[in-house]
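Here this note's numbering is used: the sequence shown runs in plain steps of one and ends on residue 710. Think of the CB as a built atom: it goes at the ideal place given N, C-alpha and C, for glycine as much as any other residue. Keep in mind the model is a prediction, meaning the values are calculated, not measured. See below for the structure under consideration.
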Amino acid sequence: MHPNTYIPRIIDRRLDELLSDLPAISLEGPRAVGKTETALRRARTVHRLDDDQQLELVLGDPSRLITGDPPVLIDEWQRYPTSWDLVRRHVDDRTKTSKFILTGSAAPSERPTHSGAGRIVTLRMHPLSLSERSLATPTVSLNELLSGERPQLTGACNVTLADYGTEIARSGFPGIRPFNPILRTDLLDSYLERVTDYDLNETNTGIRDRRALRRWLAAYGAATATATSFATVRNAAAEGSYEPPSQPTAAAYRRTLEQLWLIEELPAWLPTRNRLRRLASAPKHHLADPALALRCLGIDKSGLLEGQTTNHALPRDGTLLGAMFESLVALSVRVYAQAIRTRVYHLRTHGGEHEIDLIVERGDGRIVALEVKLSATIKDHDVRHLTWLNERLGDELLDAAIITTGKEAYRRRDGIGVIPAALLTA
285 MHPNTYIPRI
295 IDRRLDELLS
305 DLPAISLEGP
315 RAVGKTETAL
325 RRARTVHRLD
335 DDQQLELVLG
345 DPSRLITGDP
355 PVLIDEWQRY
365 PTSWDLVRRH
375 VDDRTKTSKF
385 ILTGSAAPSE
395 RPTHSGAGRI
405 VTLRMHPLSL
415 SERSLATPTV
425 SLNELLSGER
435 PQLTGACNVT
445 LADYGTEIAR
455 SGFPGIRPFN
465 PILRTDLLDS
475 YLERVTDYDL
485 NETNTGIRDR
495 RALRRWLAAY
505 GAATATATSF
515 ATVRNAAAEG
525 SYEPPSQPTA
535 AAYRRTLEQL
545 WLIEELPAWL
555 PTRNRLRRLA
565 SAPKHHLADP
575 ALALRCLGID
585 KSGLLEGQTT
595 NHALPRDGTL
605 LGAMFESLVA
615 LSVRVYAQAI
625 RTRVYHLRTH
635 GGEHEIDLIV
645 ERGDGRIVAL
655 EVKLSATIKD
665 HDVRHLTWLN
675 ERLGDELLDA
685 AIITTGKEAY
695 RRRDGIGVIP
705 AALLTA
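Here is the structure:
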């Protein structure tokens, strides 16, 4: 991307804070998420290890990586895993001073000899959140919701359900978004081919059947925003005359796609200090960007909005559009939560009687609960799970809200917030 087209990121501020005080930052996330562009705006010396010529120079003289005017950027460091240990040892040597930014699109096949804990701080970079896409001017702060003050909710937007459908299909990858729908489809298809072919080789997993991997990935995409068991996903990966992958093979697929940062599951919230019991521990399934799930399924924006379904036999409450909207909101809330140093989970009771899509937890264990609804209007029935949680947690529940496709932010008479997705930010 041309420097003039750089989209400011919420992670920028935290990255600058860390870089001013710490010697080394690792910025990781899926390919094309914007790591390199973000790092280049801060680096004065750049080593791009995805360039074979530069990689060859480094192989001949590894010390090149830790020299130069700081901050020093080591881009795609996993192509030369020794770079991690070189930076760590340089940081350990108190007689030397420098600043390093490491970026990576895959966990390396050769693990570093040391984790870098206490020396290299890792930040996960996500695709663009809704507030970073400038659909509307955000008026509701997640940080304020976490204050416990139950702030007044105001603001309005003109973002429609069709607009959210467009954003789901358009993706949050900065370099893909500017193109027309046909080219974006081609680019996303090429993206999936690259990461399940070329990038897969870098992980050195030994996976040979790339078509079977893509079938499993499509089944996983069909399970977006559900806590479906991995056995069910594995069985759903069988198409036509194909047999489902074996359990060890499916587990290898999952590990590999996590290494490539394509899978980002939402863990279950399992508190230890309150009266909640019988909570399920299974994670919710999400790909790094819901647009990737759509492309794996061969569905475009029109098909999504028209209610097109998949051929995968997977249990789901609601529509595929609802699941993809929830995934888009989950992606956005992760970005906001990271900026304010909080964590995101989901909650579900064992029998499925109660389920809350997003739990944002402060360091003291107190939370904000968010339900995601593919609706512009909210009725009493829609807030029943939040009401149930409030009755059990009391003051430990700092705030509760429904994230909608509506136009205005407000509080209901029962105190539960109603927030259009485009109006929420960090």
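Tell me the rounded alpha-carbon separation between residue i and residue j.
i, j, result
"ALA552", "TYR629", "5 Å"
"ASP584", "ASN519", "25 Å"
"PRO287", "VAL317", "Residue placement at PRO287 is flagged as unreliable, the pLDDT there being 42, under the threshold of 50; the coordinate-derived value follows with that caveat. If I take the Cα positions, the gap works out to 15 Å."
"ARG408", "ILE466", "30 Å"
"GLU610", "VAL656", "6 Å"
"THR603", "ALA536", "29 Å"
"VAL330", "THR351", "10 Å"
"LYS380", "THR320", "25 Å"
"ASP664", "ARG579", "36 Å"
"ASP334", "ARG315", "12 Å"
"LEU631", "PRO346", "47 Å"
"LEU700", "LEU571", "A quick correction: the sequence has Ile, not Leu, at residue 700. Roughly 29 Å separates the two Cα atoms."
"LEU615", "THR709", "12 Å"
"ILE309", "ARG326", "12 Å"
"ARG348", "ASP481", "30 Å"
"ARG538", "GLU360", "22 Å"
"VAL424", "ARG498", "39 Å"
"GLU428", "ASP296", "20 Å"
"ASP353", "ASP300", "17 Å"
"ARG373", "ALA660", "54 Å"
Taking C-alpha atoms, which residue in the options lies nearest to residue i?
i, options, result
"LEU302", "VAL371, GLY344, ARG403 and THR329", "ARG403"
"ARG696", "PRO354, ASP683, ALA706 and ALA521", "ASP683"
"ILE640", "LEU333, ALA564 and LEU501", "ALA564"
"PRO462", "THR593, LEU412, GLY505 and PRO528", "LEU412"
"LEU677", "PRO555, ALA572, VAL619 and LEU605", "PRO555"
"GLU523", "ARG557, LEU581, THR469 and ALA621", "LEU581"
"ASN442", "ASP698, GLY699, ILE700 and LYS691", "LYS691"
"TRP368", "LEU541, LEU386 and SER382", "LEU386"
"ARG559", "TRP672, ILE309 and VAL619", "TRP672"
"GLU416", "ARG293, ARG373 and ARG298", "ARG293"
"LEU550", "SER530, VAL617 and GLY591", "VAL617"
Can you tell me whether residue i is buried or exposed, with buried defined as 16 or more other CB within 10 angstroms of its CB?
i, result
"LEU343", "exposed"
"THR289", "exposed"
"PRO532", "exposed"
"HIS634", "exposed"
"LYS568", "buried"
"THR421", "exposed"
"ASP305", "exposed"
"ALA515", "exposed"
"TYR475", "buried"
"TYR364", "buried"
"THR689", "buried"
"ARG495", "exposed"
Got a sec, what are the start and stop residues for the beta strand (DSSP E) residue i sits in?
i, result
"ASP296", "Per DSSP, ASP296 belongs to no beta strand (DSSP E); it is in the alpha helix (DSSP H), 295-305."
"ALA308", "308-312"
"ALA684", "681-688"
"ILE651", "651-656"
"GLY358", "Reading off the sequence shown, one finds Ile at residue 358, where the question assumed Gly. From DSSP, the beta strand (DSSP E) with ILE358 extends over 356-359."
"HIS630", "627-632"
"ILE291", "Careful: ILE291 lies outside any beta strand (DSSP E) and carries neither H nor E."
"PRO465", "Segment 465-479 is the alpha helix (DSSP H) holding PRO465; no beta strand (DSSP E) there."
"GLY701", "701-704"
"LEU386", "384-388"
Would you mind reading off the limits of the alpha helix (DSSP H) that contains residue i?
i, result
"GLU340", "336-344"
"HIS331", "First-last for HIS331: 329-332, but that is the beta strand (DSSP E), not the alpha helix (DSSP H)."
"TYR526", "Element bounds for TYR526: n/a, residue is neither H nor E."
"LEU673", "668-677"
"GLU639", "No alpha helix (DSSP H) contains GLU639, which is instead part of the beta strand (DSSP E) from 639-645."
"PRO574", "574-581"
"LEU407", "Element bounds for LEU407: not the alpha helix (DSSP H) but the beta strand (DSSP E), 405-408."
"ILE452", "445-454"
"GLN622", "604-623"
"ASN519", "514-520"
"TYR504", "494-506"
"ARG372", "366-376"
What does a CB cutoff of less than 6 Å around residue i pick up in its chain, not counting 5 residues either side in sequence?
i, result
"ARG650", "GLU680 and LEU682"
"ILE687", "VAL613, LEU654, VAL656, ILE703 and ALA705"
"ALA597", "ALA520"
"HIS638", "HIS669 and TRP672"
Within its chain, find whatever has a CB closer than 7 Å to the CB of residue i; leave out the 5 residues flanking it on each side and keep chain order.
i, result
"ALA575", "ILE452, ALA453, ARG454, SER455 and LEU472"
"ASP447", "LEU419"
"THR626", "LEU430, VAL644, GLU645 and ARG646"
"GLN338", "HIS331 and ARG332"
"VAL517", "ALA503, TYR504 and ALA507"
"THR406", "SER310 and GLU312"
"GLU548", "HIS570 and ALA572"
Counting only C-beta atoms, is residue i closer than 9 Å to chain B at any point?
i, result
"TYR620", "Judged by its chain identifiers, the structure shown contains no chain B, having just a single protein chain."
Apart from the five residues on each side of it in sequence, which residues of its chain come closer than 8 Å, Cβ to Cβ, to residue i?
i, result
"MET608", "ILE452, THR508, ALA509, PRO574, ALA577, LEU578 and LEU588"
"PRO599", "THR510, THR512 and THR516"
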